[in-house]
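In this note's numbering, the protein residues as written are 9 to 277.
Shown next, in structure tokens, is the structure this report addresses.
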Amino acid sequence: MRFRTRVAAAAIAVPLALGLAACGGADKKEATGTLPTPVTSSSPTAPATTAPLKAAPVAHLNRVTFVPAMNAAFGKQKTWRTVATMTAEGRTVMTMSGYQQAKPLAASLEMSGLAFQGKTAKMVVVGGMLYMSMPGVSPAGKFLKVDLKNTPGAENFSELLNGGDPTKTFEAFGKGLQTVKFVRSETVDGVKLDRYQVSVNTAAVLKLQGKKLPAGAPKTLPYTVWMGPDHLVRKMTFNLQGVSMVMTMSEYNHPVSIKAPPASKIVKR
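Written out as structure tokens, the structure reads:
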């Protein structure tokens, strides 16, 4: 029961994390230095000299600027790859990997772990249709076809997909953001990134979705985010009540091909 409670609480954070682009940091600093006064010698033959200019401090994103910056950066991305792993008490609850396309909306995701009885689930979204191969929902190796607009109950799948839509995540972050703190710059996988600590108000985010805060759920969700100078998220983590998740985003704007499964593998409900 304790294990299930922790996983359920952490599940609130997952939709906010999947596909999320980044967050900002410390308050933006203004360059305060001025040109120094030339130092001259009393000797008429001594040339005038100037002290070297000091470099202006680097400006980091803050609580006000990070959402607009992320929206602007991500709005230029057509495709991206997401890889995520969620663990609880040393056990892998879920792993997810796949590609997403912004316009037209398309996605191809593969998931596995305890959340799927240790088996593998696949989801493909293309042409307004969801093709889902999931243990307990569709026969092994087959895909259930769901019209996301005209099928009763399809809103449940739409919510799941929105969890992986960074633009939806940014909107939620903009309403529920509490704190943003720049930690430091560091190199991750050979790339220099800025690391931030971010906290989000859980109730405010759920309110946007027309939901209430479940009993036992944390009031604040903490995240650690690594982003590049282009304001795109490269890595994101959270650790909540013994449940942790690591997510990476890469291959921005790389060409992808997302197609529906062949007709021979599609079944009806």
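Backbone N, C-alpha and C define an ideal beta-carbon position, used for all residues, glycine too.
May I ask you to report which of helix, strand or coil DSSP gives residue 258?
-> Reading the sequence shown from its first residue, position 250 is the one you call residue 258. Here residue 258 sits in strand by DSSP.
Enumerate in chain order the residues of its own chain whose CB-to-CB distance from residue 228 is below 6 Å, with the five nearest sequence positions on each side excluded.
-> The residue given as residue 228 occupies position 220 in the sequence shown. Correct list, in chain order: 207.
What distance in whole Å lies between the Cβ atoms of residue 128 and residue 108, which are believed to be in contact at a cut-off of 8 Å?
-> For the purposes of this step, residue 108 is taken as the residue at position 100 of the sequence shown. For the purposes of this step, residue 128 is taken as the residue at position 120 of the sequence shown. About 19 Å separates the beta carbons of residue 108 and residue 128, which is beyond the 8 Å limit, so they are not a contact pair.
Got a sec? Which residues, its chain only, sit under 6 Å from residue 202 by beta carbon, not counting five neighbours each side?
-> As a position in the sequence shown, residue 202 is number 194, starting the count at 1. Cβ contact annotation for residue 202 (same chain, cutoff 6 Å, sequence separation greater than five): 193 and 235, in chain order.
Reduced DSSP category for residue 52 - H, G, I as helix; E, B as strand; rest coil | Here residue 52 corresponds to residue number 44 of the sequence shown, with the count starting at 1. Here residue 52 scores only 45 on pLDDT, less than 50, and its place in the model should not be relied on; the value that follows carries that caveat. The answer is coil: DSSP assigns residue 52 none of H, G, I, E or B.
How should residue 272 be labelled, buried or exposed, when 16 other C-beta atoms within 10 angstroms of its C-beta is the threshold for buried?
-> Position 264 of the sequence shown holds residue 272. Taking all protein chains in view, the Cβ of residue 272 is surrounded by fewer than 16 other Cβ atoms within 10 Å, so the residue is classified as exposed.
Nearest CA to the CA of residue 224: which residue from 232, 215 and 210?
-> Looking up residue 224 in the sequence shown gives position 216. Relative to the Cα of residue 224, the nearest Cα in the group 232, 215 and 210 belongs to 210.
According to DSSP, what are the bridge partners of residue 189?
-> As a position in the sequence shown, residue 189 is number 181, starting the count at 1. Partner(s): 205.
Where the beta strand (DSSP E) containing residue 92 begins and where it ends | Within the sequence shown, the letter at position 84 stands for residue 92. First-last of the beta strand (DSSP E) with residue 92: 87-96.
7 Å Cβ cutoff met for residue 116 and residue 132 | In the sequence shown, residue 116 corresponds to position 108, counting from 1. In the sequence shown, residue 132 corresponds to position 124, counting from 1. The Cβ atoms of residue 116 and residue 132 sit closer than 7 Å to each other.
Does the distance from the C-beta atom of residue 103 to that of residue 126 stay below 7 Å?
-> By 1-based counting over the sequence shown, the position of residue 103 is 95. By 1-based counting over the sequence shown, the position of residue 126 is 118. Not closer than 7 Å, so no.
Tell me, which residues are paired with residue 199 by DSSP?
-> Counted from its first residue, the sequence shown places residue 199 at position 191. Beta-bridge pairing links residue 199 to 196.
Note down the Cα distance separating residue 263 from residue 89, rounded to an integer number of angstroms.
-> Residue numbering aside, residue 263 sits at position 255 when the sequence shown is read from its first letter. Residue numbering aside, residue 89 sits at position 81 when the sequence shown is read from its first letter. Spanning the two alpha carbons is a distance of roughly 11 Å.
Over what stretch of residues does the alpha helix (DSSP H) that includes residue 80 continue unbroken?
-> For the purposes of this step, residue 80 is taken as residue 72 along the sequence shown, with counting starting at 1. For residue 80, the uninterrupted alpha helix (DSSP H) segment begins and ends at 74-82.
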